[in-house]
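The structure appears right after this line, and notes come after that.
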Amino acid sequence: MTKDKRDSKEIAAVKGTKDILPEEVGQWQAVEAAGRRVFELYGYRELRAPIIEPTELFEKGTGQTSDIVIKEMYTFTDKGGRSITLRPEYTPSVVRAILEHRLYLQPDPLRFYYMGPMFRYDKPQKGRYRQFHQVDIEVFGEKDAAIDAEIVEMADRLLRELGVAGTEILVNSVGCRACRPAYLKELRNRAAAVKDRLCDDCKRKAETNPLRIFDCKVEGCKEAAAGFPAITDHLCAECSGHFAEFKSGLDLYGLAHEVEPRLVRGIDYYTKTTFEVVASSLGAQSAVLGGGRYDDMMKDFGGPDLCGIGFAMGVERLLAVAGLKPEKKPFAYLAYMGGAAKKPGMELARRLRAAGVECLIEYKDKGLKAQLGRASKLGAAWVVIIGEEEVRKGLCAVKSMATGEQRDASPDDVVKIIRG
RNA sequence: GUGAGUGUAGCUCAACUGGUUAGAGCAUCGGACUGUGGAUCCGAAGGUUGGGGGUUCAAGUCCCCUCACUCACCCCA
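Residue numbers (our numbering): 504 to 923.
This is the structure:
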């Protein structure tokens, strides 16, 4: 290994990906634990689908006209010539799994949750990564708008448990196959009428996704679009009834919310309810959590006519607004002195661990002072000291680093002392 | 994909309009200190100034290219 240093360039993590280091991993575990606890309280069960799926799944599910499918997927051909995609979102995988395993024939409630990495080839910026993590829940077979309200309430509960403050709930209805096409046509007509007042971007949006015109920040477009009708005024009877019931459910739960007719979401499959929880402190990527209803997806995949609704929470964004403090677990540092104490020290550490006490030994044959220094620096709650003297007497010493108090103890008593 | 900003030690930052051998604090490691921690003192290690090219007697500093990061557009978690 005499290779010249300058020959080896340092290998860095792939653009848009991040290492989660031990220092911060505790917060991730806290989010995951809170998610499990809350979701299972509402009858959800974990369903773990693969990270890779047939590309076709997302083309059909997420939708051919969504930005995700058009330009953001990590797609490759495997050695068998199949087109494989690293999942950019989770919902199509759950639908696929339900159909594949005929889960809709089982009596269990079809409520699932999952947490894991997603992949999108976006340009990274604040709150946006190429590998990011979502906590995701889905419900199937509940038509009633009460469930729409319930999942928002569940999301809110999770956010409260994680100490998130300063968020806002935005809701909308994007209609269904009965009422949306007519509305979009109307919108296109209105856009065409003021075409010369729109920016190039909006001229394009008028064709692809006219709802997006409302989002434009150009003044001229804002003015031109000011008189455009809102989708919430063009819903069919069923959709507007559903929306009203959804909102009254939120009121029942005491959840303040704002109707945001421009809340569209760029995924093709949504019907009726869409919602987001946003935090302005996140900057441009303000959605901590977003979701909605997709009543046609299962049917479109050739399955039963089973409606669905769900949401995904971005863990990176959540952590940025959550009030989680890194929690340090107390542990013991075993300091042995002299070769004769090493093996008895190893044995003592084993007994501590067997009793559930975290115990660290550093095999460096250092003096007691140095070991205490290390223990202090590492944040040990106790130091268990064993030297030749203790070995002779069949004892060890336990020192509390917080109080400095120290006492001799038999190996059996050490655990009791540490447990207090 | 488009635009803007930033790249100097593990971290936070210095180095006047280009001018000796790129410095400091914190962190790391060692010593003072071989059975009692956080302190102090001393010392060591750590950099082709992101990379490449150019201008110049001379480049961390100016120019070009490239890469990375950051922020915004777009889109979304």
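All C-beta atoms in this analysis are idealised placements derived from N, C-alpha and C, irrespective of residue type, glycine included.
Bear in mind that the values here come from a model prediction, so they are computed numbers and not experimental data.
How far does the beta strand (DSSP E) with residue i in it extend, from its first residue to its last?
{"i": "residue 793", "result": "790-796"}
{"i": "residue 637", "result": "634-643"}
{"i": "residue 911", "result": "909-912"}
{"i": "residue 499", "result": "In the structure as shown, the chain starts at 504 and stops at 923, and residue 499 therefore has no counterpart that could be examined."}
{"i": "residue 555", "result": "555-557"}
{"i": "residue 655", "result": "Element bounds for residue 655: not the beta strand (DSSP E) but the alpha helix (DSSP H), 648-664."}
{"i": "residue 899", "result": "899-903"}
{"i": "residue 775", "result": "774-782"}
Which stretch, first to last residue, makes up the alpha helix (DSSP H) that contains residue i?
{"i": "residue 686", "result": "683-696"}
{"i": "residue 601", "result": "594-603"}
{"i": "residue 821", "result": "818-824"}
{"i": "residue 724", "result": "722-728"}
{"i": "residue 620", "result": "Unbroken run through residue 620 is the beta strand (DSSP E), 614-622; no alpha helix (DSSP H)."}
{"i": "residue 743", "result": "740-755"}
{"i": "residue 542", "result": "525-544"}
{"i": "residue 575", "result": "Here residue 575 belongs to no alpha helix (DSSP H), and DSSP marks it neither H nor E."}
Within 10 Å of its beta-carbon, does residue i have 16 or more other beta-carbons around it, so buried, or fewer, so exposed?
{"i": "residue 923", "result": "exposed"}
{"i": "residue 579", "result": "exposed"}
{"i": "residue 610", "result": "exposed"}
{"i": "residue 850", "result": "exposed"}
{"i": "residue 608", "result": "exposed"}
{"i": "residue 662", "result": "buried"}
{"i": "residue 874", "result": "buried"}
{"i": "residue 613", "result": "buried"}
{"i": "residue 508", "result": "Unreliable positioning characterises residue 508 in this predicted model, as indicated by a pLDDT of 35, which lies under 50. The coordinate reading is nonetheless provided below. Exposed."}
{"i": "residue 815", "result": "buried"}
{"i": "residue 713", "result": "buried"}
{"i": "residue 867", "result": "exposed"}
{"i": "residue 559", "result": "exposed"}
{"i": "residue 505", "result": "Caution applies to residue 505, whose pLDDT of 28 falls short of 50 and renders its modelled position unreliable; the value that the coordinates give is listed next. Exposed, by the Cβ-count rule."}
{"i": "residue 711", "result": "exposed"}
{"i": "residue 798", "result": "buried"}
{"i": "residue 779", "result": "buried"}
{"i": "residue 598", "result": "buried"}
{"i": "residue 915", "result": "exposed"}
{"i": "residue 805", "result": "exposed"}
{"i": "residue 640", "result": "buried"}
{"i": "residue 528", "result": "exposed"}
Cutting at 6 Å between CB atoms, please list the residues of its own chain near residue i, excluding the five before and the five after it.
{"i": "residue 929", "result": "The structure shown has nothing for residue 929, since the chain only spans 504 to 923."}
{"i": "residue 665", "result": "537, 825"}
{"i": "residue 905", "result": "none"}
{"i": "residue 821", "result": "791"}
{"i": "residue 746", "result": "676"}
{"i": "residue 777", "result": "675, 677, 766, 768, 795"}
{"i": "residue 900", "result": "888, 909, 911"}
So, under 8 Å CB-CB, residue i and residue j are touching, yes? Tell me the CB distance rounded to an integer number of Å.
{"i": "residue 673", "j": "residue 791", "result": "Not quite, the Cβ-Cβ distance comes to about 11 Å (not below 8 Å), so this is no contact."}
{"i": "residue 731", "j": "residue 690", "result": "6 Å"}
{"i": "residue 831", "j": "residue 882", "result": "6 Å"}
{"i": "residue 595", "j": "residue 554", "result": "Actually they are not in contact, since the Cβ atoms of residue 595 and residue 554 sit about 13 Å apart, beyond 8 Å."}
{"i": "residue 535", "j": "residue 657", "result": "Their Cβ separation, rounded to whole angstroms, is 16 Å, which puts residue 535 and residue 657 out of contact at 8 Å."}
{"i": "residue 929", "j": "residue 648", "result": "There is no way to answer for residue 929, as the model of the chain reaches only from 504 to 923."}
Considering only C-alpha positions, which residue in the set the options is nearest to residue i?
{"i": "residue 517", "options": "554, 625, 602", "result": "625"}
{"i": "residue 823", "options": "669, 577, 872, 845", "result": "669"}
{"i": "residue 519", "options": "569, 513, 627, 838", "result": "627"}
{"i": "residue 925", "options": "711, 577, 552, 605", "result": "Only positions 504 to 923 of the chain appear in the structure, and residue 925 is not among them; the question remains open."}
{"i": "residue 839", "options": "816, 892, 603", "result": "892"}
{"i": "residue 860", "options": "541, 531, 788, 884", "result": "884"}
{"i": "residue 586", "options": "833, 653, 561", "result": "561"}
{"i": "residue 577", "options": "557, 748, 584", "result": "557"}
{"i": "residue 784", "options": "667, 602, 615", "result": "667"}
{"i": "residue 853", "options": "546, 917, 715", "result": "917"}
{"i": "residue 862", "options": "879, 833, 718", "result": "833"}
Give me, in chain order, the residues of the same chain whose beta-carbon lies closer than 7 Å to that of residue i; leave out the 5 immediate sequence neighbours on both sides.
{"i": "residue 898", "result": "911, 912, 913"}
{"i": "residue 809", "result": "607, 643, 644, 801"}
{"i": "residue 706", "result": "698"}
{"i": "residue 819", "result": "630, 632, 635, 636"}
{"i": "residue 530", "result": "822, 827, 829"}
{"i": "residue 848", "result": "837, 839, 864, 889"}
{"i": "residue 683", "result": "677"}
{"i": "residue 522", "result": "516"}
Give me, in chain order, the residues of the same chain whose beta-carbon lies closer than 8 Å to that of residue i; leave out the 5 immediate sequence neighbours on both sides.
{"i": "residue 723", "result": "700, 701, 702"}
{"i": "residue 678", "result": "686, 734, 737, 738, 739, 742, 774, 775"}
{"i": "residue 842", "result": "868"}
{"i": "residue 568", "result": "711, 712, 771"}
{"i": "residue 787", "result": "628, 629, 630"}
Less than 7 Å between the CB of residue i and some heavy atom of the ligand MG, yes or no?
{"i": "residue 759", "result": "This structure simply doesn't include the ligand MG, nor any ligand for that matter."}
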